[in-house]
Amino acid sequence: VPVSRLVLPLRLAGGEAILVERGSLPAEDAAVADLSRFSDTAAVTVRGWAEPMRRGAGSPGPRRLPFAATERWSARWLDADSLAPRFPYRISALVLRELPGSDSTPGLAREAPRPLDENVHLGYSAQWFAIALVVLGGGIALAARKRAA
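Under the numbering used here, the residues of the sequence shown are numbered 947 to 1095, in order.
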């Protein structure tokens, strides 16, 4: 089932806003979902993890949804450089991904953050050892070829 991710600006006390990814919801065309039941004006408390937003990702940029009663945009991904000019206030370079179980909004699916455990480091070390073996094997093969010639 195609999905769209619901992202709303959360205005902070200092006037700046941070974009909050509330979750994903079904969308027939994977770009536009029914947002009529979601309010973007209510005060909320958000629990989540922050990630840096892409910059200069080269996307076609967000497009305004023509049939929305309020101003709504659709984008392939969040890019700070293409989104910042569309807001009347400053937006943070971070995006806050709301955690599962943060509230009881029906219809929104949320992903848990990917764990950064020893498996990530194990994968990197395996890659570096493989590169070292290729370089060492290539050096030995090159030395043997020179000696044979």
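All residues carry an ideal CB built from backbone N, CA and C; glycine is no exception.
Cβ-based neighbour list, residue i, same chain, cut-off 8 Å, excluding 5 preceding and 5 following
{"i": "V953", "result": "L965, V966, E967, R968, L1024, V1041"}
{"i": "R957", "result": "A963, Y1035"}
{"i": "R1000", "result": "W1023, L1024, D1025, A1026"}
Beta strand (DSSP E) segment containing residue i, residue limits
{"i": "W995", "result": "994-998"}
{"i": "A959", "result": "Per DSSP, A959 belongs to no beta strand (DSSP E) and is neither H nor E."}
{"i": "L965", "result": "963-972"}
{"i": "V990", "result": "No beta strand (DSSP E) contains V990, which DSSP labels as neither H nor E."}
Sub-7 Å separation of residue i and residue j beta-carbons
{"i": "D1027", "j": "G1002", "result": "yes"}
Whole-number beta carbon distance between residue j and residue i, since they are thought to touch under 8 Å
{"i": "E1044", "j": "R993", "result": "7 Å"}
{"i": "A1039", "j": "P998", "result": "6 Å"}
{"i": "F1075", "j": "P955", "result": "No, F1075 and P955 are not in contact; Cβ-Cβ is about 45 Å, not under 8 Å."}
{"i": "A989", "j": "Y1035", "result": "Actually they are not in contact, since the Cβ atoms of A989 and Y1035 sit about 17 Å apart, beyond 8 Å."}
Close-in-space but distant-in-sequence residues of the same chain around residue i (CB under 7 Å, 5 per side omitted)
{"i": "A1030", "result": "I1037"}
Bounding residues of the alpha helix (DSSP H) (the contiguous stretch that carries residue i)
{"i": "G1069", "result": "1064-1094"}
{"i": "A1026", "result": "1026-1029"}
Any non-hydrogen atom of the ligand SAH within 6 Å of residue i CB
{"i": "P948", "result": "Among the ligands in the structure shown, none appear at all, so the ligand SAH cannot be discussed."}
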